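Novice: Protein chains in written order, with our numbering: chain Z, 5 to 184; chain X, 42 to 737; chain D, 385 to 712. All C-beta atoms, glycine included, are put in the ideal place defined by N, C-alpha and C. Quick caveat, the model's predicted, so the values are computed rather than measured. Can you read through this structure? Questions will come right after.
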Amino acid sequence: MTQGDAAPARITADLRLSVNGRRHPVTVDNRETLLDTLRERLDLTGSKKGCDHGQCGACTVLVDGRRVKSCLTLTVTVDDRDITTVEGLAKDGIPHPLQEAFIEYDALQCGYCTPGQLCSAVGMLAEAADGWPSAVTPDIGAELGPMKLDDDEIRERMSGNLCRCGAYPGIVAAIGEVAR
Amino acid sequence: MTTTGTRYVGTALDRVDALQKVTGRARYAYENNPRDLVYAYPVQSTIARGEIIHVGVDGVLKQPGVIAAIWHGNAPRLAPSDDAELAVLQSRRVAYRGQYIAVVVAETYEDAREAAGLLQIEYAAEEHDVELLAGHPRMYRPEHVNPNLPTDLQQGDPDAALAAAPVTVDATYSTPAEHNNPMEPHATVAVWDGDGLTLYDSTQGASALRMVVAPLFGMPPAQVRVISPYVGGGFGAKGRAHPHVVLAALAAKQVGRPVKLAVTRRQMFAVTGYRTPTIQRVRLGAEADGRLVAITHDAYEQSSTLSEFAEQSTVATRIMYAAPHRRTTHRLVRLDVPTPSWMRAPGEAPGMFALESAMDELASACGVDPVELRIRNDPAVDPETGMPFSSRNLVACLREGALRFGWSGRDPEPGIRRRGRMLVGTGVAASTYPVYRAASMASARAEPDGGYTVRIAAADIGTGARTILTQIAADALRTSPGMVEVEIGDSELPRASLAGGSMGSASWGTAVVRACEMLVEELERRGGVVPPTGLESIADTKQEIRDQAKFARHAFGAQFAEVGVDVDSGETRVLRLLGVFAAGRILNPKTARSQFVGGMTMGLSMALLEESIMDREFGDYLNHDLAQYHIPANADIRDIQAYWVDEDDPHLNPMGSKGIGEIGIVGTAAAIANAVHHATGVRIRDLPIRLDKLVR
Amino acid sequence: MRPFSYERASTPRAAVDSAVAVADAMYLGGGTNLVDLMRLGVVSPGTLVDVTRVAGDTVEETPGGGLRVGAAVRNGDLAAHPLVRRRYPMLAQAVLSGASGQIRNMATVGGNLLQRTRCSYFQDVTKPCNKRSPGSGCPARTGDHRNLAILGHSDSCVATHPSDMAVALAALGTVVHVEGREGPKSVPMPGLHRLPGDRPDRDTVLEPGDLITAVELPALPFAARSRYRKVRDRASFSFAVVSVAAALEVSDGVVRDCRIALGAVAHVPWRAEAAEAALRGAPATEAEFARAADIELARARPLPLNGFKVPLARNVLIRVLADLVEMR
């Protein structure tokens, strides 16, 4: 970590960022968000900037397998984490089942929220597998075990990813197919 | 070589660019990184009206990484433009809060952003006026309304007919300012190379944008290239050239390096257009059986002092229902506000909220079922012009929708259906959108390897245009979609009309069909032999479109809604939304369904959520982010279904299609408001329908 | 955003020492609010002390049946914890109704308590705001305040506290553990957050350098039947218009004990002590719930645009209590 007194000049840090299973040596401004580092320095432009305030979900990536907003994550805070972006979802050139399902159900139009939807869905399915409840889970006190997701559960759990084109029914159908 | 007899138009082909989009490989405007690029961050005015007295740049220029601070005192001079919005940094005048008054260019985004915040601006502020009132003393009658329609029309004597009518409705409705908010914020990467300018831009029309930008810099259009293969939504907001494009080009010119500029979500609320708020008075006069004798619809709207944009809010009323006495008018006031512009179905969306709410009020007043009322008033010809409709299937949509929705047997009594803690109700509204078609060019090329390349400067902003043009070309070339590569989104390609007015498929499709037909003919002449350099044909549809027969061409639809209103909180949720549309031939049921459902989703949003709140004291839209300006989340959209009735209309275009991008938003808000009335007995005439208007 | 130094603390003590060593340090938890406020220019720390890796990311049982939740526990983990869900369902519901899955995976318990108001004026540095810039004025009073306070506001500030989680914690009567300049201390909830008065710039009673290390939930068996109800304009991923957290103990048709707090009505998560007092020993009927709600809301002083929050809070409070009775 670079240390220093508060000064007008930018303060930087040299990191080895783990993204999609690869280490990327990179020098970042402390002020830089993970989203900007991915897009502007690593040319991983799949993660999108829709609002830059954590209010739309287009920037969603996975950090240590959990979905987070890369626009509110300072890059310096995740130098020791494993980051997965939409570019890392396919394995050996074979699209992730969610990617296939999104195409099949036309779960996208302009495509700008799509990478965030996909990363969010991957993280969401992991949360459900871990037995996490949601705001619409009826009996929250019960032991849940791996959750079966009906459409209401998917809708609530995916509500952190806005889509202005209105592809929500396709998104729910695509995730539902992979989840069930 | 070709597969004859197979028809791809009308089949549910997957989006041809879907894999690019789901893998993150589709590259949007801001994601282009020319060498040596720098970052620009705009500075916006913090007064709504007045003059800039002083701009203090010294401190900013000392900031780390800063390359330039550009303002009206040092900006390159632009050639005069018809659109005063595009005269960026040319004057000390401030016309609205949030107008660009400077731009800071720096080596990194963080440096540019930080430095932009340090710019010292002194203003001489003047009192501003930002409030739309129907009785505003400066209301005037614009010369015409968007796009170029008559401002006022009248037939017969509506006032006398209303006075004599057995049943009347006289109500005033209002819709708030609404912002398009495509998920991809507007962005431009500007690169000067010698005398030429390349713009990687998020635009609904590459050809149009270069025609606007080039003259500002004193260049012929050929010296400007606009590249825009992927666009993250637009909904009208990326149709007109907005000032950030000029700002980016001007900054790049000044610093001599490529410049990247992204409008932030918050900035978008001032500088990328929005739907004007409207105040609309509708008066209906009818016989006791609901047959209309008179309709008047008067709209009051705003524009900025810089530029006139007059939304055509009452034009749908001109074609919807038969009535011998009718009047439609538009009045506008120029305020110290940002310039409104196109937002999905400008005119039809707010106008049909008012008309179709009023029709529901009339149905109650006459005791006639709302579906039946609309059927009873369906005109045989365009009631305004007497012209025949090329096709009109509103009645079929209403009947089919009523059947699918389960409308029959509906008890019209409001406020009596409970489901748990919810009051439940249903509503219906009609929907319509005009059929436009504009001249375009396209080229079709047979490649020596047996494939084809079709080129047209069209835009796919999520509509599925790239996919549909592939299907259209495959049929016209008598081949399969896999053999056709469609190139769009580049002004170097044959000139094309905007992705706007729901006219993309019709306009571009016509050009593509003609280019392909010419190519096929030429290939036949050559015995099917493609020369080693390939063979190309270019079509221009200017003449064809100028010569098309005169018809009233419109798409129609019927929207049905079921809502639940929480009796404790007043929260309204749409339980079901079902639309049936008559929009000519559906070119791809998969992408078409997404378009209809997407439009209906935006209509639901208009009904329940969207409102840009004008801060009267400061003169800006206060709730300028996506936490405060609500668009629907996934949980808001429970059950939306779209259907269509087959329509065989020979008077449209070679595909037989009508536009489908906008009709889905039209009438939705009225259907929902009508359902809320049915559920609660409360008639909400001012959108959005929020819980504070229903909680008791 | 102004340039800043970044440090990572490994213990609460080290974090406090780092923070007090410079004048303009701030603690960084999940960053979901702080990073945004820095980008907006609302706050401009010179140093960020990352406290997400200090000990304190566990949920532990306390003797007697309570829970101690580390301040660095992420909201998502808190809501998923089986003991939280079983003993304090209203807390799990409150957390799950806040923000989105992504944000809950980032946001920490400590940070959630200390998030700032979402008042439009506070977030816009080009406009006056007494909370952000003391003495500059409060345009919300005469401007837009549809979603601002009806209780406990002052001439200088009408902001609301945005947290859902804090409403449940206030209802439960939580103890907030703090590592301060002078060592460990504890602050009760309610009591952590303060009403604006003439110092709206101070959201809480915490002193400079204070670091929340844990929250301790008391043993409260009847909270196993509790509920959080959030009213909002959008069906998900939006801040409350009004919310209610309540736990109710009823036997033989009589309210033996209860805990009630209201959200989105005041500068603090609003513990409804007057309503609680009115209900203890009263019949568990809707009429009594209405009487209690009226007693609590008698102190409401709505502004011109948010008067609807009074009947709204009343209706929802009655409904939540009635639902809790029905659950039995």
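With a CB to CB cut of under 6 Å and the five nearest residues on each side skipped, what residues in its chain are close to Val400 of chain D?
Specialist: For this step, residue 400 of chain D is matched to residue 16 along the third sequence. Answer for Val400 of chain D: Glu563, Gly593 and Leu595, listed in chain order.
Novice: Please state whether the Cβ-Cβ distance between Phe310 of chain X and His665 of chain X is less than 7 Å.
Specialist: Position 269 of the second sequence, counting from 1, holds the residue named residue 310 of chain X. Position 624 of the second sequence, counting from 1, holds the residue named residue 665 of chain X. In this structure, His665 of chain X lies closer than 7 Å to Phe310 of chain X by Cβ.
Novice: Is the segment 106-126 of chain X touching the segment 279-287 of chain X, taking contact as three or more C-beta pairs under 8 Å?
Specialist: yes
Novice: Determine which residues of the segment 63-85 of chain X have a Cβ less than 8 Å from any Cβ of chain D, and write them out in chain order.
Specialist: none
Novice: Examine chain X for any beta-carbon lying closer than 7 Å to the beta-carbon of Met162 of chain Z, and answer yes or no.
Specialist: The residue given as residue 162 of chain Z occupies position 158 in the first sequence. Yes, Met162 of chain Z counts as interfacial toward chain X.
Novice: Decide if the segment 396-410 of chain X is in contact with the segment 216-234 of chain X; the criterion is three or more beta carbon pairs, one per stretch, under 8 Å apart.
Specialist: no
Novice: Should Glu352 of chain X be listed as close to the ligand MG, given that the test is whether its C-beta is under 6 Å from any heavy atom?
Specialist: Of the ligands one can find in the structure shown there are none, so the ligand MG has no counterpart to examine.
Novice: How should Ala590 of chain X be labelled, buried or exposed, when 16 other C-beta atoms within 10 angstroms of its C-beta is the threshold for buried?
Specialist: Here residue 590 of chain X refers to the residue found at position 549 of the second sequence. That one is exposed.
Novice: Pick out whichever of D:Arg703, D:Ala648 and D:Ala533 has its Cα sitting closest to the Cα of Phe673 of chain D.
Specialist: Your numbering for residue 673 of chain D matches position 289 in the third sequence. That would be D:Arg703, whose Cα lies nearest to the Cα of Phe673 of chain D.
Novice: For Val171 of chain X, which residues of its own chain have a beta-carbon under 7 Å away from its beta-carbon, when the five flanking residues on both sides are left out?
Specialist: Start at 1 with the first residue of the second sequence, and residue 171 of chain X comes out as number 130. Only Ala89, Leu376, Asp377, Val378, Met655, Arg657 and Gly660 meet the Cβ criterion.
Novice: In three-state terms, what does DSSP make of Phe621 of chain D?
Specialist: Your numbering for residue 621 of chain D matches position 237 in the third sequence. If DSSP states are grouped into helix, strand and coil, Phe621 of chain D belongs with coil.
Novice: So which residues of chain X does Asp68 of chain Z contact, with C-beta pairs closer than 7 Å?
Specialist: As a working note, residue 68 of chain Z is residue 64 in the first sequence. In chain order: nothing, as chain X lies at least about 20 Å away.
Novice: Taking C-beta pairs closer than 7 Å, name the residues in chain D that Thr64 of chain Z reaches, listed in chain order.
Specialist: In the first sequence, counting from the first residue as 1, residue 64 of chain Z sits at position 60. Chain D residues near Thr64 of chain Z: Gln486.
Novice: Would you give the residue range spanned by the alpha helix (DSSP H) that Cys407 of chain X belongs to?
Specialist: Translated into positions along the second sequence, residue 407 of chain X becomes position 366. First-last of the alpha helix (DSSP H) with Cys407 of chain X: Glu389 to Cys407.
Novice: Using a 10 Å radius around the Cβ and a threshold of 16 neighbouring Cβ atoms, would you call Asn629 of chain X buried or exposed?
Specialist: Within the second sequence, residue 629 of chain X is the residue found at index 588, counting from 1. Its Cβ being crowded by 16 or more others within 10 Å, Asn629 of chain X is buried.
Novice: May I ask you to report which of helix, strand or coil DSSP gives Cys167 of chain Z?
Specialist: By 1-based counting over the first sequence, the position of residue 167 of chain Z is 163. Coil.
Novice: Which residues does DSSP pair with Val230 of chain X in a beta bridge?
Specialist: Within the second sequence, the letter at position 189 stands for residue 230 of chain X. According to DSSP, Val230 of chain X bridges with X:Tyr241 and X:Lys301.
Novice: Who are the Cβ neighbours of Ala403 of chain D in its own chain at under 6 Å, not counting the five residues just before and after it?
Specialist: The count along the third sequence starts at 1 and reaches residue 403 of chain D at position 19. Closer than 6 Å at the Cβ level, and outside the excluded window around Ala403 of chain D, lie Ala409, Val433 and Gly593.
Novice: Using a Cβ cut-off of 9 Å, pull out every chain Z residue sitting near Lys294 of chain X, in sequence order please.
Specialist: As a first step, residue 294 of chain X is located in the second sequence; it is residue number 253 there, counting from the start. Simply none; closest approach about 23 Å.
Novice: Assign Cys60 of chain Z to one of three DSSP states: helix, strand, or coil.
Specialist: Here the question's residue 60 of chain Z lines up with position 56 in the first sequence. Cys60 of chain Z falls in the coil class under three-state DSSP.
Novice: Using the beta-carbon of each residue, which ones in chain X are nearer than 8 Å to Met385 of chain D?
Specialist: Stepping through the third sequence from its first residue, residue 385 of chain D is reached at position 1. Ordered by position in chain X, the residues that pass the 8 Å Cβ test against Met385 of chain D are Glu151, Arg154 and Glu155.
Novice: What does a CB cutoff of less than 7 Å around Pro572 of chain X pick up in its chain, not counting 5 residues either side in sequence?
Specialist: Residue 572 of chain X sits at position 531 when you count from the first residue of the second sequence. Around Pro572 of chain X: no qualifying Cβ.
Novice: Could you tell me the alpha carbon to alpha carbon distance between Val32 of chain Z and Leu38 of chain Z, rounded to whole angstroms?
Specialist: Position 28 of the first sequence, counted from the first residue, corresponds to residue 32 of chain Z. Position 34 of the first sequence, counted from the first residue, corresponds to residue 38 of chain Z. C-alpha separation (whole angstroms): 10 Å.
Novice: State yes or no: is the beta carbon of Leu708 of chain D nearer than 7 Å to at least one beta carbon in chain X?
Specialist: Translated into the one-based positions of the third sequence, residue 708 of chain D becomes position 324. Not an interface residue.
Novice: Whose Cβ in chain D lies nearer than 7 Å to the Cβ of Glu44 of chain Z?
Specialist: Here residue 44 of chain Z refers to the residue found at position 40 of the first sequence. Within 7 Å Cβ-Cβ: nothing; Glu44 of chain Z doesn't reach chain D, min ~15 Å.
Novice: Any contact of the segment 573-593 of chain D with the segment 710-726 of chain X, i.e. 3+ C-beta pairs under 8 Å?
Specialist: Too few Cβ pairs lie closer than 8 Å, so no.
Novice: Given a limit of 9 Å on CB to CB distance, which residues of the segment 606-633 of chain D reach chain X?
Specialist: Arg613, Val615, Arg616, Asp617, Arg618, Ala619, Ser620, Phe621, Ser622, Phe623, Val625 and Val626
Novice: Give the range of the alpha helix (DSSP H) segment to which Val426 of chain D is assigned.
Specialist: Against the third sequence, residue 426 of chain D aligns to sequence position 42. Element bounds for Val426 of chain D: n/a, residue is neither H nor E.
Novice: So which residues of chain Z does Leu54 of chain X contact, with C-beta pairs closer than 7 Å?
Specialist: Reading the second sequence from its first residue, position 13 is the one you call residue 54 of chain X. Ordered by position in chain Z, no residue passes the 7 Å Cβ test against Leu54 of chain X, which lies about 10 Å from the chain.
Novice: Tell me the DSSP bridge mates of Leu102 of chain Z?
Specialist: Translated into the one-based positions of the first sequence, residue 102 of chain Z becomes position 98. For Leu102 of chain Z, which the question treats as bridged, DSSP gives no partner whatsoever.
Novice: Ser481 of chain D CB to nearest chain A CB: under 7 Å?
Specialist: Absent from the structure is chain A; the protein chains it does hold are Z, X and D.
Novice: Consult DSSP for Glu184 of chain X and reduce its assignment to one of helix, strand or coil.
Specialist: Here residue 184 of chain X refers to the residue found at position 143 when the second sequence is read from its first residue. Of the three classes helix, strand and coil, the one that applies to Glu184 of chain X here is coil, per DSSP.
Novice: Scan the segment 541-620 of chain X and note each continuous alpha helix (DSSP H) run of 4 residues or more that stays entirely inside, going in chain order.
Specialist: 545-566 and 583-587
Novice: Out of curiosity, what's the CA-to-CA distance linking Ala483 of chain X and Ile579 of chain X?
Specialist: Position 442 of the second sequence, counted from the start, is the residue given in the question as residue 483 of chain X. Position 538 of the second sequence, counted from the start, is the residue given in the question as residue 579 of chain X. So the two alpha carbons sit approximately 6 Å from each other.
Novice: Looking only at C-alpha atoms, which of X:Ser122, X:Ala206, X:Leu203 and X:Pro207 sits nearest to Leu257 of chain X?
Specialist: Position 216 of the second sequence holds residue 257 of chain X. Among X:Ser122, X:Ala206, X:Leu203 and X:Pro207, the Cα nearest to that of Leu257 of chain X belongs to X:Ser122.
Novice: Anything in chain X within Cβ reach of Asn514 of chain D, meaning under 9 Å, just list it in chain order.
Specialist: What you label residue 514 of chain D is simply residue 130 of the third sequence in a count that begins at 1. Residues of chain X passing the Cβ test: none, with the nearest at roughly 15 Å.
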